[in-house]
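Engineer: Numbering (the numbering used here), first residue to last: 503 to 716.
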Ligand code: GRF
């Protein structure tokens, strides 16, 4: 069977990208693409010998033109999966449709709570006791696609935004590689608007769901 391949899109630090690279997935990371030439993650990818590219959104008159150029860059690699990892651009419906069922994102909240930005600050302001992160398939509504896997962490008394973000990020780095692995292994599919998983994961010290299916 041909080796599966993944393209990762980033905008900044790239720690989730790094977690995907570190996970030794049974797939080739064909390229890391950023809309931001300054993205720190580009250097990390390059240092590992991974092809990188920049499609700078500021060079395009509108979202449609940017997305078309981005899709062209992605399609050169013919990836089985496109993984958004801290990619901070809203994508057009045409782009999302093009990659339906093979476009994934990680969001730093327990969706559907706290869609959008500043999730940790807003979680603290809301006084929630449990917070976390979500990997989901991307559909046109922002941060609302079918949920694949979530991990929850406690919000502790006196938590700062940074402390809470770090606790959540540690879980992001576990569940994103897990979701990508399921997908690559053919155990995860988007079916009738839901993520169907036929796999297992075991992360003892956080509440992670699903743990097992079938
Ligand atoms: C992560 O918290 C991710 O969930 C969100 O943006 C952040 C990106 O961090 N979408 P990194 O670039 O992966 O370090």
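All C-beta atoms in this analysis are idealised placements derived from N, C-alpha and C, irrespective of residue type, glycine included.
Within 10 angstroms of the Cβ of residue 543, are there 16 or more other Cβ atoms? Answer buried if so, exposed if not.
Structural biologist: Residue 543 should be labelled buried.
Engineer: Following a CB-centred definition, is residue 613 positioned closer than 8 Å to any heavy atom of the ligand GRF?
Structural biologist: No.
Engineer: Would you decide whether residue 504 is buried or exposed? Buried here means 16 or more other CB atoms lie within 10 Å of its CB.
Structural biologist: So residue 504 ends up on the exposed side.
Engineer: Skipping 5 residues on each side, what residues in its chain have a beta carbon closer than 7 Å to that of residue 663?
Structural biologist: Excluding residues within five positions, the ones whose Cβ falls inside 7 Å are 622, 623 and 626.
Engineer: Cβ atoms of residue 541 and residue 517: under 9 Å apart, would you say?
Structural biologist: Cβ atoms of residue 517 and residue 541: not closer than 9 Å.
Engineer: DSSP on residue 606, reduced to helix/strand/coil?
Structural biologist: Strand.
Engineer: Should the region 607-616 be regarded as contacting the region 647-656, the criterion being three or more beta carbon pairs within less than 8 Å?
Structural biologist: Contact holds: three or more Cβ-Cβ distances are below 8 Å.
Engineer: Which whole-angstrom value describes the C-beta separation of residue 682 and residue 522, a residue pair presumed to lie in contact below a C-beta threshold of 8 Å?
Structural biologist: Between residue 522 and residue 682 the Cβ distance is about 6 Å, and since that is below 8 Å, they are a contact.
Engineer: By Cβ distance, which residues of its chain are closer than 6 Å to residue 547, with the 5 residues on each side in sequence left out?
Structural biologist: Excluding positions up to five away in sequence, the list reads 534 and 554.
Engineer: For the ligand GRF, is there any heavy atom lying closer than 8 Å to the beta carbon of residue 489?
Structural biologist: Nothing can be reported for residue 489, as the shown portion of the chain is limited to 503 through 716.
Engineer: Return the bridge partner residues of residue 693 from the DSSP annotation.
Structural biologist: Answer is 696, bridged to residue 693.
Engineer: Return the bridge partner residues of residue 508 from the DSSP annotation.
Structural biologist: DSSP, once it has assigned bridges, lists 531 and 583 as partnering residue 508.
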